[in-house]
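So the sequence lines, in the order shown, correspond to chains A and B.
So for the first sequence, the numbering used here puts the first residue at 3; every next one is plus one.
So for the second sequence, the numbering used here puts the first residue at 7; every next one is plus one.
Note that the Cβ used here is the ideal one computed from N, Cα and C, for glycine as well.
On a predicted model such as this, the values are computed, not experimentally measured, just so you know.
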Amino acid sequence: MHALKTFNILIGGEAGQGLVSVGNILLRAITKEGWYLFAHQDYESRIRGGHNFFKFRLANQPVYAGENRIDLLVALDKTSINRHQEDLGEAGIVFYDPKVVGKEIDQPNFLPISFVDIAVEQGQLIVMANAVAAGAIWALLSDNLTNLVAVLTEMFKEKGSAIVEGNVKVAEAGFNFVRQSFAEIQRPEKPADQSKRIVLQGNQALPSGALAAGVKFMSAYPMTPATGVTEFIAAYGEKCSVIMEQAEDEIAAINMAIGAAYAGVRAMTATSGGGFALMTEALGYAGAAEIPVVVINAQRPGPSTGLPTRTEQGDLLFAVTTSFSDFPKAVLAPGDVEEAFYLMSTAFNLAERYQMPVIVLSDQHLADSYQTVAPFDLSKIAIDRGAVVNGAATSDKYLRYRDTDSGISPRLYPGFGEGLVVSAGDEHDEAGHLVEDIESRVKMMDKRMRKMIGVYNEALDPVTYGSDQPEYVLIGFGSTKGAIREAVDLLETYGYPGLAVHLPQVYPLPASLAKILKGPGKKFIVESNFTGQLYRLLSMEFAWKADGRVRRYDGRPINAEYIIDWLIGGES
Amino acid sequence: MTTDKRFLVTKETAWCPGCGNFGIINAMSEALDGLGLKPHEVLYVSGIGQAGKTPHYIKGNVLNTLHGRTLPTATGAKLANSELTVIAIGGDGDGYAEGGNHFLHALRKNVNITYLVHDNQVFGLTKGQASPRTDQGMVTGTTPSGSTYEAFNPLAVAISLKGSFVARSYAGDREHLVKTLQAAIQHEGFAFIDILQPCVTFNKVNTYQWYRERVYDLNADPDYDPSNQIMAWERSWEWGDKIPIGIFYQKARPTLDQSKSVIQKQPLVKQELVSEHVQEIINQFQA
């Protein structure tokens with residue numbers, strides 16, 4: 003294998019300057035040109051102004067997280083230079099518009115490019131300044147415009163040929179300007195393998211996975227950073243014969259999904275911490291009434307409104323212990339876009355097999371970050387709707403909560419037969435009617451909780467990477483997966499064998515984790531929250547203590563360098 | 007019309023003798039039998055409170071949900087299986103206090119369900135506290151000096167939001183209630199009935215006798231026009247010596263399920279789970 007070679011581009015500007023559109027153009031063009039890519043976004047909770055950026059990491063082999071160093075800084079505002087120039091690498095260069103920055107910067111690696119003037123000189127609209135920037139960047143990446151032009155054409159075709167031609171023309175002008183300004187261009191190394199790849203973010207992978215898993219109904223109330231999931235289902239649902247209903251609040255959203263699930267369809271909702279908090283009473287209801295429902299919680303830093311557009315993994319214990327009293331549930335935590343896609347069918351299968359709520363923990367970093375991965379394979383997705391009776395064969399003797407060895411009572415979809423489906427959140431008898439006697443209470447509580455044996459037995463194993471004789475074992479869940487893996491690679495280069503342990507399921511935890519916790523190496527828990535919630539969960543479940551913790555709670559994503567800095571700096 | 011009794015009512019209930027709920031449940035049974043429906047074709051979605059227990063005492067499918075959440079839950083069930091006859095049931099505390107927001111939006115969206123509010127103007131299950139419907143001055147466990155608030159007027163709200171079917175009936179008038187229930191169930195769209203219901207234990211003001219002296223059938227007046235929103239709204243404020251019951255306002259408009267193109271041929275629950283179009287959708291991520 004070749005040594006990892008990366009090239010990092012940061013484009014910064016104000017909200018409203020079209021960073022997202024130039025970002026989307028570059029994502030696709032870079033992928034088309036053949037690089038592996040990881041890209042993340044950093045934006046503020048505002049529609050205009052402030053400072054936002056899009057950071058691309060191009061590589062000659064798969065990459066799983068961001069990196070601090072910047073090789074090309076494209077400044078669409080003054081703040082981009084002030085805030086990011088300290089991260090410029092040794093050969094790092096800066097493209098900036100002197101009019102925007104307010105002066106010419108007399109340094110050899112600062113190249114003034116009048117993005118706006120170039121667009122206007124070409125007889126085009128000011129908004130096309132972004133395409134000038136895209137063309138300028140492209141000059142460092144390719145000796146021809148083929149792939150960039152193809153993406154521009156695809157992206158703007160709905161706006162008509164004049165817009166397509168205008169964008170292509172200004173991109174070409176930006177491209178030529180840079181080629182004339184740099185005598186020699188060092189291009190980042192491309193991967194040796196040119197396998198077929200797709201590029202997408204978590205907020206596209208999760209809803210795509212839900213559609214592939216047969217979701218038929220979604221209800222939701224908009225909340226950053228989960229809204230992308232909701233809008234995706236709204237946009238593509240109709241084509242797939244799926245209903246997306248915008249609810250009046252999160253309480254309505256979860257209860258609508260529960261109503262639809264009771265009626266017999268796969269149903270879900272998506273929200274973030276604040277909305278999830280509002281949904282918790284209903285999650286307990288789904289537990290008591292044994293109704294399968296899937297909830298995506300895209301975490302952001304709290305408490306309360308917190309940092310709406312940033313990332314955190316601070317809802318872990320809240321999700322694991324969600325709602326009052328005891329009821330069966332599972333909590334999954336996909337770590338990258340690929341896992342996000344495939345775990346949605348696991349979530350629905352678990353929910354329906356055990357007739358319980360399943361929570362999928364995402365976060366802003368997973369939601370908004372893009373990654374190149376192998377194309378998804380629908381044939382890998384198996385659908386298991388759990389035990390369902392043939393409605394036509396039912397009579398009024400049907401018992402919705404029939405006591406069974408597994409605790410699973412075969413479902414009947416209401417209206418599919420003479421049998422009546424009676425469900426309640428009050429304690430109930432096997433028929434679903436309300437009871438208060440001691441015997442029934444104990445019997446039904448035992449029946450419901452017995453399902454957890456099955457859930458526990460099929461809990462997803464940890465995903466590991468690295469040495470089987472590690473000196474350092476780094477354990478995490480959710481979106482830190484890639485950073486932890488890369489930290490293990492970095493440790494290896496320093497001569498320390500490491501093991502990355504990612505938990506795609508955080509509740510119930512798999513028995514196989516105990517072996518890792520007792521195995522060789524110093525154990526560090528890596529997570530984005532203040533109190534070390536995964537550490538506390540593992541301590542509670544396994545009566546175990548780690549050797550140290552790596553935490554981050556400033557709302558920014560953890561990467562490999564951050565982990566290594568903490569390991570060197572140390573915190574017990 | 008079939009004469010056999012299918013929507014049987016249980017004898018054993020948790021209600022007080024003389025409770026207004028008995029009048030309502032017996033009228034429901036008669037109305038549903040009269041419409042020729044079968045129990046498995048009907049879904050009752052109920053909340054928490056004495057009214058919320060109703061579906062457990064009459065044949066049919068039951069989704070006894072959380073306090074205040076009958077309407078969103080019923081909305082989800084109806085969208086998933088639009089062939090079910092969905093009847094949401096709750097009390098005035100459930101629907102106008104805890105679930106008030108949902109009431110507004112179910113009216114707006116014109117969800118194609120029937121919504122029955124057992125309105126006894128008091129919290130029964132928690133033993134007699136003031137509800138949004140408690141009249142000013144009434145002494146309750148939480149208003150020892152008498153309620154000082156304006157009572158909530160659900161009819162005025164429903165009419166203002168162009169609820170497509172807005173009615174009031176009375177638990178003590180079986181014939182009127184059966185007739186109104188049947189009209190509501192047959193109505194295409196959100197059919198809302200506020201049902202006046204004496205609470206024999208905790209409401210010593212709004213008793214059977216009190217209602218008997220006051221209620222009159224609004225629709226008996228040939229000049230009353232239930233398609234006239236302004237007239238309906240004005241009439242909804244009549245409360246005191248005379249209390250109108252009947253269909254205040256009815257005007258058809260597109261329902262929520264009619265607005266969903268994907269369920270015009272078949273209900274969602276009878277469709278293929280995974281669409282053949284999923285591959286096309288994921289293909290868009292190819293660069």
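DSSP state of residue i mapped onto helix, strand, coil
| i | result |
| --- | --- |
| residue 134 (chain A) | helix |
| residue 111 (chain B) | helix |
| residue 368 (chain A) | helix |
| residue 156 (chain A) | helix |
| residue 447 (chain A) | helix |
| residue 376 (chain A) | coil |
| residue 410 (chain A) | coil |
| residue 220 (chain A) | strand |
| residue 297 (chain A) | strand |
| residue 15 (chain B) | strand |
| residue 250 (chain B) | strand |
| residue 424 (chain A) | strand |
| residue 291 (chain B) | coil |
| residue 230 (chain B) | coil |
| residue 322 (chain A) | helix |
| residue 2 (chain A) | Because residue 2 (chain A) is not part of the residues shown, which for chain A are 3 to 574, the question remains open. |
| residue 77 (chain A) | strand |
| residue 480 (chain A) | helix |
| residue 578 (chain A) | With chain A represented from 3 up to 574, any question about residue 578 (chain A) goes unanswered, as that position is not in the structure. |
| residue 313 (chain A) | coil |
| residue 65 (chain A) | coil |
| residue 39 (chain A) | strand |
Span of the alpha helix (DSSP H), counted from its first residue to its last, around residue i
| i | result |
| --- | --- |
| residue 493 (chain A) | 483 to 495 |
| residue 78 (chain B) | 76 to 86 |
| residue 356 (chain A) | 339 to 356 |
| residue 214 (chain B) | 214 to 218 |
| residue 31 (chain B) | 26 to 40 |
| residue 173 (chain A) | 163 to 183 |
| residue 194 (chain A) | Here residue 194 (chain A) belongs to no alpha helix (DSSP H), and DSSP marks it neither H nor E. |
| residue 23 (chain A) | 21 to 35 |
| residue 205 (chain A) | 204 to 214 |
| residue 235 (chain B) | 235 to 241 |
| residue 562 (chain A) | 562 to 571 |
Same chain only: Cβ atoms within 8 Å of residue i, ignoring 5 sequence neighbours per side
| i | result |
| --- | --- |
| residue 274 (chain B) | 85, 86, 87, 88, 268 |
Beta-carbon contacts of residue i that lie in its chain and below 6 Å, excluding the five residues immediately before and after
| i | result |
| --- | --- |
| residue 271 (chain A) | 221, 222, 255, 256, 259, 297 |
| residue 421 (chain A) | 396, 400, 414 |
| residue 293 (chain B) | none |
| residue 138 (chain B) | 102, 103, 158 |
| residue 303 (chain A) | 309, 312, 314, 557 |
| residue 427 (chain A) | 287, 290, 291 |
| residue 34 (chain A) | 149 |
| residue 43 (chain A) | 56, 370 |
First through last residue of the beta strand (DSSP E) which encompasses residue i
| i | result |
| --- | --- |
| residue 69 (chain B) | 67 to 70 |
| residue 60 (chain A) | 51 to 61 |
Spatial neighbours of residue i in its chain, beta-carbon cut-off 7 Å, leaving aside the 5 residues before and after
| i | result |
| --- | --- |
| residue 276 (chain B) | none |
| residue 190 (chain B) | 120, 171, 173, 197, 199 |
| residue 122 (chain A) | 128 |
Proximity test, residue i beta-carbon vs the ligand FMN heavy atom, cut-off 7 Å
| i | result |
| --- | --- |
| residue 171 (chain A) | With respect to small molecules bound, the structure shown includes none, and the ligand FMN cannot be examined in it. |
- [ ] Write down every uninterrupted run of the alpha helix (DSSP H) in the stretch 87 to 120 of chain A whose length is 4 residues or greater and which is fully enclosed by it, in chain order.
- [x] Counting whole runs of 4 or more residues, the stretch 87 to 120 of chain A contains the alpha helix (DSSP H) stretches 100 to 103.
Open item on the list: In chain order, what are the residue ranges of uninterrupted beta strand (DSSP E) at least 3 long that sit wholly in the stretch 126 to 201 of chain B?
Closed with: Listed in chain order, they are 171 to 176.
- [ ] Please list the segments of the beta strand (DSSP E) lying wholly inside the stretch 519 to 558 of chain A, counting only runs of 3 or more residues, in order along the chain.
- [x] Under the rule that a run must span 3 or more residues, the beta strand (DSSP E) segments found entirely inside the stretch 519 to 558 of chain A read 524 to 529, 550 to 553.
- [ ] Scan the stretch 219 to 235 of chain A for residues whose Cβ lies nearer than 7 Å to a Cβ of chain B and list them as they occur along the chain.
- [x] Answer set for the stretch 219 to 235 of chain A: 219, 221.
Open item on the list: At a CB distance below 7 Å, what residues from the stretch 246 to 264 of chain B approach chain A? Give them in sequence order.
Closed with: When C-beta distances to chain A are compared with 7 Å, every residue of the stretch 246 to 264 of chain B stays at or above that value.
Open item on the list: Just to confirm the assignment: which complete alpha helix (DSSP H) runs, minimum length 4, are found wholly within the stretch 233 to 286 of chain A?
Closed with: Here the runs fully enclosed are 252 to 265.
Open item on the list: By the 7 Å beta-carbon criterion, what residues does the stretch 51 to 70 of chain A contribute toward chain B?
Closed with: Here the close residues number zero.
TODO: Anything in the stretch 248 to 282 of chain A with a Cβ closer than 9 Å to a Cβ of chain B? List those residues in chain order, please.
DONE: Across the stretch 248 to 282 of chain A, CB contacts with chain B closer than 9 Å involve 249, 250, 251, 253, 254, 255, 256, 257, 258, 259, 260, 261, 262, 263, 264, 265, 266, 267, 268, 269, in sequence order along the chain.
Open item on the list: Any C-beta of chain A within less than 7 Å: which residues of the stretch 79 to 98 of chain B qualify?
Closed with: Cβ contacts with chain A: 79, 80, 81, 82, 83, 85, 86, 87, 89, 90.
Task: Contacting positions in the stretch 392 to 409 of chain A - beta carbon closer than 7 Å to chain B - done: Residues of the stretch 392 to 409 of chain A with a C-beta less than 7 Å from any C-beta of chain B: none at all.
Open item on the list: Short of 7 Å Cβ to Cβ, which residues in the stretch 24 to 40 of chain A face chain B?
Closed with: Interface annotation for the stretch 24 to 40 of chain A against chain B: 30, 33, 34, criterion Cβ-Cβ distance under 7 Å.
Open item on the list: So if I threshold CB-CB distances at 7 Å, which residues from the stretch 30 to 49 of chain B count as touching chain A?
Closed with: Against chain A - using a Cβ distance shorter than 7 Å - the residues of the stretch 30 to 49 of chain B are 45, 46, 47, 49.
Task: Selection of the stretch 183 to 207 of chain A by Cβ proximity to chain B, strictly under 9 Å - done: Cβ contacts with chain B: 198, 199, 200, 201, 202, 206, 207.
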